[in-house]
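In what follows, a single structure is set out as structure tokens and then discussed.
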Ligand SMILES: Cc1cc2nc3c(=O)[nH]c(=O)nc-3n(C[C@H](O)[C@H](O)[C@H](O)COP(=O)(O)OP(=O)(O)OC[C@H]3O[C@@H](n4cnc5c(N)ncnc54)[C@H](O)[C@@H]3O)c2cc1C
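Protein chains in written order, with the working numbering: chain A, 1 to 153; chain B, 1 to 535.
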């Protein structure tokens with residue numbers, strides 16, 4: 001069985017809720033920019049599918065602890081308390097937070113809704129590619145005017 | 001048990017930039033040529049740019065670092081004692097599968113460092129010797145560029161240059177205000193349809209393999225021609241050692257096939273094109289009574305004088321929207337600080353190679369992990385100040401050869417076939433550190449002049465061991481070099497080296513155009529001497 005499937009199977013509804021809540025704390029939705037929350041279902045699914053190996057273990061351990069140590073599950077805390085817990089975690093578990101942060105950014109910034117909110121096309125680079133302007137070659141005139149700069153031997 | 005195969009005329013080890021060029025060139029002799037490559041053919045339709053998760057592949061299956069990539073076709077490298085980690089690719093095309101296709105030539109002065117600046121050594125050949133081979137390699141690879149670059153003697157260009165785009169124009173204006181040299185970079189990229197390859201469509205993903213086939217990786221340039229001309233390319237064939245007879249002549253190579261079976265391929269001539277790490281590895285693993293310190297190593301210089309190009313990265317954040325990552329990675333370059341000026345505090349110099357910008361994921365990584373983009377409610381506002389607004393350059397600095405910078409064989413590390421693996425010992429010289437500091441200061445000035453309001457810099461780029469050079473240098477003196485001035489081992493007269501190991505010095509530019517030209521030059525030298533090749 002592939003590593004991603006093994007990681008995905010470990011995510012029971014409680015862990016999933018905790019993950020969605022922490023991702024939402026990291027990147028909440030923003031109506032001004034029509035930006036989705038990183039805790040939205042598609043992004044949470046992508047994060048779960050993408051994590052592998054020891055990174056997945058670390059994140060699962062962190063989420064388990066989160067659900068148990070604050071009186072009630074992390075996802076049931078209000079926004080202010082969640083933020084406070086998150087800031088503490090950044091200090092106490094910097095490595096795990098960095099791993100989770102990397103995953104969150106990777107999955108958030110390839111999500112359709114996010115890309116559209118940034119004015120980008122939600123598609124693979126190939127086969128359409130992109131247009132890039134040739135630009136103004138006359139900008140090189142001063143370089144030409146200065147003349148040869150290479151060293152004679 | 002080792003299977004003994006039928007004898008061939010030539011066995012080439014490594015199907016990368018140099019192996020492909022030499023195979024193609026030698027094919028016209030009608031000799032029976034086999035190339036053994038430990039990796040496989042890659043499939044362009046599987047390259048990351050065909051998927052939505054393309055940016056993240058830099059950290060996974062298409063990572064440039066073999067230890068991270070960890071494919072069965074890779075070999076691990078002990079990099080613990082090097083501040084710079086290796087970047088390569090093991091497969092048909094070698095490093096060119098992932099390379100950025102920056103394609104500068106060396107300058108005439110680069111072959112004369114000792115005479116001009118009193119450091120390192122002169123090459124046993126000069127620019128004029130290589131010039132016809134540069135031209136031939138350019139034709140085979142297909143080079144885009146703009147004629148008339150004042151930093152070079154005249155050279156041919158075959159296709160229109162890569163586009164300036166918004167980033168190139170912003171940077172060009174900055175260079176102009178400073179009064180500095182800049183020019184569109186030469187690129188091994190088909191900007192027009194070329195030799196059966198489609199033209200570049202600005203995928204943004206050159207360093208993940210080119211799904212369009214516009215980038216000149218040797219699997220789509222030399223190899224189809226070489227195979228049509230009769231060369232046999234055998235993949236999943238990993239060479240463990242070269243055997244020699246009592247007359248110090250190579251008899252052939254031992255390799256493991258895909259199933260892990262050991263084979264012996266006898267050959268009249270052995271050619272190594274395994275790059276600046278792989279070639280010394282094979283030689284140092286080929287010990288025998290006559291060569292107890294490794295094959296062709298009576299000079300003691302195999303694996304010594306390892307050169308990378310130490311790189312500094314300097315990126316600016318602009319108010320104006322730029323191109324993001326769109327475009328080929330290659331854009332414009334500046335050689336304002338290329339030649340020695342001791343008032344700068346270091347000898348030799350560097351090229352600024354400007355890139356385009358970053359994709360949405362890598363923008364987010366640099367924003368968050370540099371502390372510029374916070375988590376939480378403010379995330380979006382700050383991210384939007386960076387996305388599509390970053391451009392800048394790297395400074396590729398000339399590294400001087402030092403015998404203490406080495407590739408040796410690790411005591412424990414082995415590859416999937418059990419073959420001992422390389423270990424690096426590399427220290428950045430004070431000259432390189434000073435050069436990188438200077439490069440960051442001056443790049444900061446030009447970026448600010450161009451309109452950047454915030455600068456991010458990093459040196460050395462820790463994952464930037466893209467260029468692997470110097471570990472089996474050429475020269476006329478057998479005490480001071482591993483091969484002669486046309487690539488033949490001083491000690492083993494039917495053994496040739498054609499890759500970046502040959503470099504005596506490394507210049508302040510990327511090496512692959514010179515590696516290709518050198519491989520063609522060595523092959524041509526062999527063709528001209530066929531009757532007396534081993535004299
Ligand atoms: C991400 C990246 C970006 C780069 N960008 C640029 C750039 O913009 N411009 C530039 O000039 N250069 C660039 N380079 C460097 C460029 O790829 C190399 O300079 C070039 O490929 C070296 O050619 P070579 O023939 O010496 O070795 P390689 O191309 O590395 O080929 C060596 C081949 O030998 C095979 N091999 C090794 N050992 C064995 C063995 N024991 N048995 C069988 N096969 C073996 C390997 O699998 C490999 O395929 C870049 C490299 C990378 C990885």
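We put the CB at the ideal spot given by N, CA and C, even for glycine.
Cβ proximity to chain B below 8 angstroms picks out 25, 26, 27, 28, 30 from the region 15-30 of chain A. Look at residue 186 of chain B: its beta carbon is at least 7 angstroms from all of the heavy atoms in ligand 1. Pairing residue 498 of chain B with residue 517 of chain B gives a Cβ-Cβ distance that is not under 8 angstroms.
Legend: CB atoms of the region 176-190 of chain B lying less than 7 angstroms from CB atoms of chain A belong to residues 176, 181, 182, 183. Residue 191 of chain B is positioned such that its CB atom lies no closer than 8 angstroms to that of residue 501 of chain B.
Annotation for residue 218 of chain B: 17, 20, 93, 96 place their beta carbon closer than 6 angstroms to its own, counting only its chain and skipping 5 residues before and after. The Cβ of residue 95 of chain A sits no closer than 8 angstroms to any Cβ of chain B. At a beta-carbon threshold of 7 angstroms, the residues of chain A lying near residue 169 of chain B are 135, 136, 139, ordered along the chain. In this structure, the CA atom of residue 84 of chain B is about 12 angstroms from the CA atom of residue 77 of chain B. Among the residues facing chain B, residue 66 of chain A is not included, as its CB has no counterpart in that chain under 8 angstroms away. With the criterion set as a beta carbon lying under 7 angstroms from some beta carbon of chain A, the members of the region 189-214 of chain B are 201, 202, 203, 204, 205, 211, 212, in sequence order. The C-beta separation of residue 53 of chain B from residue 105 of chain A comes to about 13 angstroms, leaving the pair out of contact by the 8 angstroms criterion. Counting C-beta pairs with one atom in each stretch, the region 176-196 of chain B and the region 139-149 of chain A have three or more that are closer than 8 angstroms, which means they touch. Counting along the chain, residue 366 of chain B sits inside the alpha helix (DSSP H) bounded by residues 360-369. Close to residue 59 of chain A, with beta-carbon spacing below 9 angstroms, lies no residue of chain B; the smallest spacing is near 16 angstroms.
DSSP lists B:187 as the bridge partner or partners of residue 102 of chain B. Within the region 332-354 of chain B, 335, 336, 338, 339, 340 place their CB atoms closer than 9 angstroms to a CB of chain A, listed in sequence order. For the region 374-386 of chain B, residues whose beta-carbon sits nearer than 9 angstroms to a beta-carbon of chain A comprise 375, 376, 377, 379, 380, 381, 383, 384. Under the rule that a run must span 3 or more residues, the beta strand (DSSP E) segments found entirely inside the region 48-113 of chain B read 78-81. For residue 255 of chain B, the uninterrupted beta strand (DSSP E) run begins and ends at 250-256, by DSSP. Relative to ligand 1, even the nearest heavy atom lies 7 angstroms or more away from the CB of residue 127 of chain A. In the three-state scheme derived from DSSP, where H, G and I count as helix and E and B as strand, residue 426 of chain B is classed as coil.
DSSP lists B:34, B:270 as the bridge partner or partners of residue 11 of chain B. Relative to the Cα of residue 41 of chain B, the nearest Cα in the group B:336, B:354, B:1, B:91 belongs to B:91. The beta carbon of residue 347 of chain B sits closer than 7 angstroms to those of 117, 119, 340, 431, all from its chain and outside the five residues before and after it, given in chain order. Nearest C-alpha to residue 255 of chain B among B:132, B:454, B:130, B:264: B:264. Residues 77, 85 of the same chain have their beta carbon placed closer than 7 angstroms to that of residue 70 of chain A, with the five preceding and five following residues left out of the count. The beta-carbon of residue 152 of chain B is placed less than 8 angstroms from the nearest beta-carbon of chain A. At a cut-off of 8 angstroms between beta carbons, residue 449 of chain B makes no contact with chain A. In this structure the region 473-487 of chain B does not lie against the region 323-339 of chain B, because fewer than three pairs of beta carbons, one per stretch, are closer than 8 angstroms. As DSSP reads the structure, residue 397 of chain B sits in a beta bridge with B:350. One thing to note: residue 125 of chain B has its Cβ within 8 angstroms of the Cβ of residue 485 of chain B. Residue contact with chain B for residue 36 of chain A: absent (no Cβ-Cβ distance below 8 angstroms to any residue of chain B). Linking residue 119 of chain A to residue 167 of chain B through their CA atoms gives a straight-line distance of about 19 angstroms. Residue 108 of chain A carries a helical assignment under DSSP once its states are collapsed to helix, strand and coil. Excluding residues up to 5 positions away in sequence, 76 lie with their Cβ nearer than 6 angstroms to the Cβ of residue 67 of chain B in the same chain.
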